[in-house]
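Reading through the structure tokens given below for one structure.
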Amino acid sequence: AQSVSQHNHHVILSEAASLELGCNYSYGGTVNLFWYVQYPGQHLQLLLKYFSGDPLVKGIKGFEAEFIKSKFSFNLRKPSVQWSDTAEYFCALFLGNFNKFYFGSGTKLNVKP
Amino acid sequence: DGGITQSPKYLFRKEGQNVTLSCEQNLNHDAMYWYRQDPGQGLRLIYYSQIVNDFQKGDIAEGYSVSREKKESFPLTVTSAQKNPTAFYLCACRYGDTEAFFGQGTRLTVV
Numbered sequence: 017a018q019s020v021s022q023h024n025h026h027v028i029l030s031e032a033a034s035l036e037l038g039c040n041y042s043y044g045g046t047v048n049l050f051w052y053v054q055y056p057g058q059h060l061q062l063l064l065k066y067f068s069g070d071p072l073v074k075g076i077k078g079f080e081a082e083f084i085k086s087k088f089s090f091n092l093r094k095p096s097v098q099w100s101d102t103a104e105y106f107c108a109l110f111l112g113n114f115n116k117f118y119f120g121s122g123t124k125l126n127v128k129p
Numbered sequence: 002d003g004g005i006t007q008s009p010k011y012l013f014r015k016e017g018q019n020v021t022l023s024c025e026q027n028l029n030h031d032a033m034y035w036y037r038q039d040p041g042q043g044l045r046l047i048y049y050s051q052i053v054n055d056f057q058k059g060d061i062a063e064g065y066s067v068s069r070e071k072k073e074s075f076p077l078t079v080t081s082a083q084k085n086p087t088a089f090y091l092c093a094c095r096y097g098d099t100e101a102f103f104g105q106g107t108r109l110t111v112v
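Protein sequences, first through last, are from chains A and B.
One rule links them: number in this note's numbering = place in the first sequence (from 1) + 16.
One rule links them: number in this note's numbering = place in the second sequence (from 1) + 1.
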């Protein structure tokens, strides 16, 4: 069965620290991958997406993610986090054959000022 | 402004009652989705619809029902058969090879 795994459930960082959130998926074919962010009290917003081409994808607010096909991974990174990055982050996989999104369980990021 | 709107934001239901959550979009998107969000479990797919008058069960459809009579509307009914309905419900829509756009969500509490 298709699935998305986020291994870090809760991450606590100080401002200016570097961030890397793990995301692995299980599907052998062509994938579309996404990272969404949910700030407290707000709806899910798209951070970045990968469909094809350059495996290093840049998103909003200084976030980037790297698609590594051999590792079935799509980790999210940011060189220097800010207090305003405190939120919950979701990795998602879209499979066109099924027209469905599969979401990871989410990672709560808490950035201390 | 184009977007996707869920109402109400908060909903309280007595045990044994059915309740309907509204989802409306004016983005002209074909596909619409309902997800349930529980702490530590991410988003789980309840139902989805690719076109009007057609919908499919997701991973946790038991106790829920939907309709898709109009392109812009995809209401979700939480029936009395749903054993644990208290949750945060998210509606989303999508067109072609794009990301999903999410509504603000409805928090349902059974009292």
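The C-beta atom is built at its ideal place from N, Cα and C for all residues, glycine as well.
Remember, it's a predicted structure, so these values are computed and weren't measured experimentally.
Problem set entry | C-beta neighbour in chain A for B/Ala88, strict 8 angstroms | Position 87 of the second sequence holds residue 88 of chain B. Judged by the 8 angstroms Cβ criterion, B/Ala88 is not in contact with chain A.
For this session: Determine, using beta carbons only, whether A/Leu62 comes closer than 8 angstroms to chain B.
Result: For this step, residue 62 of chain A is matched to residue 46 along the first sequence. Output row for A/Leu62: interface = yes.
For this session: Check whether the Cβ atoms of A/Cys107 and A/Phe90 lie closer than 8 angstroms to each other.
Result: Residue 107 of chain A sits at position 91 when you count from the first residue of the first sequence. Residue 90 of chain A sits at position 74 when you count from the first residue of the first sequence. Result yes, Cβ atoms of A/Cys107 and A/Phe90 sit closer than 8 angstroms.
Exercise. Taking contact to mean at least 3 C-beta pairs separated by less than 8 angstroms, is the region 76-87 of chain A in contact with the region 18-26 of chain A?
Worked result: no
Problem set entry | Within chain A, partners of B/Phe103 - CB distance below 7 angstroms | As a working mapping, residue 103 of chain B is identified with position 102 in the second sequence. In chain order: His59 and Leu60.
For this session: May I have a chain-ordered list of the beta strand (DSSP E) segments no shorter than 3 residues that lie completely inside the region 64-107 of chain B?
Result: 65-67, 77-79 and 88-95
Problem set entry | Reduced DSSP secondary structure (H/G/I, E/B, other) of B/Ser23 | In the second sequence, counting from the first residue as 1, residue 23 of chain B sits at position 22. B/Ser23 falls in the strand class under three-state DSSP.
For this session: At 7 angstroms on the CB atoms, spell out the chain A contacts of B/Asp98, in chain order.
Result: Residue 98 of chain B sits at position 97 when you count from the first residue of the second sequence. Chain A residues near B/Asp98: Phe67.
For this session: With distances taken Cα to Cα, identify the nearest neighbour of B/Lys72 among B/Asp39, B/Cys94, B/Ile47 and B/Lys84.
Result: Sequence index remark: in the second sequence, residue 72 of chain B carries index 71 (1-based). Minimum Cα distance to B/Lys72 is reached at B/Cys94.
Problem set entry | Integer Cβ distance of A/Val53 from A/Cys39, believed to fall under 8 angstroms | Counting from 1 along the first sequence, the entry for residue 53 of chain A is found at position 37. Counting from 1 along the first sequence, the entry for residue 39 of chain A is found at position 23. 13 angstroms between Cβ atoms; not a contact.
Exercise. For the beta strand (DSSP E) that B/Tyr48 lies in, which residues bound it at each end?
Worked result: Here residue 48 of chain B refers to the residue found at position 47 of the second sequence. That run of the beta strand (DSSP E) goes Gly43 to Ile52.
For this session: Rank A/Ser68, A/Gly69 and A/Leu92 by C-alpha distance to the C-alpha of A/Leu62 and give the top, closest one.
Result: Here the question's residue 62 of chain A lines up with position 46 in the first sequence. Among A/Ser68, A/Gly69 and A/Leu92, the Cα nearest to that of A/Leu62 belongs to A/Leu92.
Exercise. Are the C-beta atoms of A/His23 and some chain B residue less than 8 angstroms apart?
Worked result: Here residue 23 of chain A refers to the residue found at position 7 of the first sequence. For A/His23, no CB of chain B lies under 8 angstroms from its own CB, so it is not counted at the interface with that chain.
Problem set entry | Contacting residues, own chain, Cβ-Cβ under 6 angstroms from B/Phe89 (five flanking each side not counted) | The residue labelled residue 89 of chain B in the question sits at position 88 within the second sequence. Excluding positions up to five away in sequence, the list reads Gln38, Gly106 and Arg108.
Exercise. Would B/Ser83 be called buried (16 or more neighbouring beta carbons within 10 Å of its own) or exposed?
Worked result: Reading the second sequence from its first residue, position 82 is the one you call residue 83 of chain B. The sequence as given places Gln at residue 83 of chain B; Ser does not occur at that position. Burial call: buried.
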